[in-house]
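Take the sequence shown: its position 189, counted from the start at 1, is 189 in our numbering, and no numbers get skipped. Each residue gets a CB set at the ideal place from its N, CA and C atoms; glycine is no exception. Remember, predicted model here, so these are calculated numbers, not experimental data. The block underneath contains the structure these notes are about, expressed in structure tokens.
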Amino acid sequence: MKHFIALDIGGTSIKYGVINEMGVILRKGEIKTEAEKGGQALLKKITDLIKEQMQGAPHIDGIGISTAGQVCPKSGSVLFATDNLPGWTGIELKKHIQDTFLLPVAVENDVNAAALGEKWLGAGSEVEDFLCLTIGTGIGGAIVINGKVYHGIAGTAGEFGHIVIHKGGKPCTCGSKGCFEQYASTKALALIAEEINLKNRFKSKIITGKMIFEEAAKGDIVCQEAIDLFINNMAVGIASLVHIFNPGFIIIGGGISAQGLWLSQKIEQAVKASVMPSFAKELHVCFAKLGNDAGILGSVYGLL
Ligand SMILES: [Zn+2]
């Protein structure tokens, strides 16, 4: 039985674990990224973490790493990371870890890794082709074809959050305007709520997507209206993806997937109503199944 060390590096925390080739997580944990200390400090931190995990673990056959930012699929280096991971751009992640531990190393972007986790053991385990969207403060995407991630020429394919759905619309962090993630991320849901003047309904000054879902579940009609607008926005962006890929499955992960079946069914209905009938026929929208473990599981999938 092969065993792997898995890391999932995000802007606020690093999830880690020891996983066997059957996908059983033998142990796992989470530590703060402390991204503000910079790229080299982060590299040292994960190197120390791997050393620590090797002690007392079974024989380790490889190391899987999922990281925020864009990753070169050939070299396993970080092509670009936002200010969430300052100094991470340009880090030769795969080379450094491989040279240090002399073991096979797989490095993948976090959304792609989560999609591979779902392919291996989650919502995509029975299908070979699907699209994955992660809805959080932004929108991430992954394209899985024949059971593998489609990377594109530079390794950065699947930036679904930056499809323009409103020409000249809200400014986006990418420098463009009217991007999908400005209308259908959980951050966007909070903004929709503010726009329809929901502020006075909440005691706290900061409204989160979670709070809106909670109030809607209690019967608040205005919160329900905000969620309907959010779902409609989501359908606009997803409809474009459906017309390009004609997928059978769309797997949605991120915070909203905690809401359960009613929401995925509503999204599926809204998407089906927004696409040509032939595209709607065999289309299924579902939520990711692996939750926070998708990244560490998917990070080792390439080592199997
Ligand atoms: Zn954008």
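Any heavy atom of ligand 1 within less than 6 Å of residue CB: hits in chain order
HIS162, CYS172, CYS174, SER176, CYS179
Using DSSP with H/G/I as helix, E/B as strand and the rest coil, what is PHE4? strand
Relative to the alpha-carbon of ASP99, which residue among LEU304, ILE231, GLY62 has its alpha-carbon at the smallest distance?
GLY62
- request: For GLY90, count neighbouring Cβ atoms within 10 angstroms of its own Cβ and tell me buried if that reaches 16, exposed if not.
  value: exposed
Consider the Cβ of ASP8: report whether some Cβ of chain B lies at a distance smaller than 7 Å. The chain labelled as chain B is not found in the depicted structure, where only one protein chain is given.
- Look at SER66 and SER257 and say whether their C-beta atoms are less than 7 Å apart. no
- Task: Check the C-beta distance from ILE50 over to PHE101 and give it rounded, since I have them as a contact under 8 Å.
- Result: Distance from ILE50 to PHE101 at the Cβ level is roughly 7 Å; contact confirmed, criterion being Cβ atoms closer than 8 Å.
**Message:** Below 8 Å on the Cβ atoms is my contact criterion, and I expect LEU311 with ILE46 to pass it. Report the Cβ-Cβ distance as a whole number of Å.
**Reply:** Residue numbering for the chain in the displayed model covers 1 to 304; residue 311 lies beyond these limits and cannot be assessed.
Subject >> Best match in GLY117, ALA35, PRO58, ILE97 for proximity to ALA81 [C-alpha to C-alpha] >> reply: ALA35
ask   = By Cβ distance below 7 Å, which residues in the same chain neighbour PHE202 in space, the five residues on each side in sequence not counted?
value = MET211
Starting from TYR183, follow the alpha helix (DSSP H) in both directions and report where the run begins and ends. 181-184
Q: In the DSSP assignment, find the beta strand (DSSP E) that holds PHE322 and state where it starts and stops.
A: Coverage of the chain is limited to positions 1 through 304, which leaves residue 322 absent and any answer about it impossible.
Excluding the 5 residues preceding and the 5 following ILE207 in the sequence, name in chain order all residues of the same chain whose CB lies nearer than 6 Å to its CB.
ALA190, ALA193
| Roughly how many angstroms separate the alpha carbons of PHE287 and ILE251, rounded to a whole number? | 5 Å
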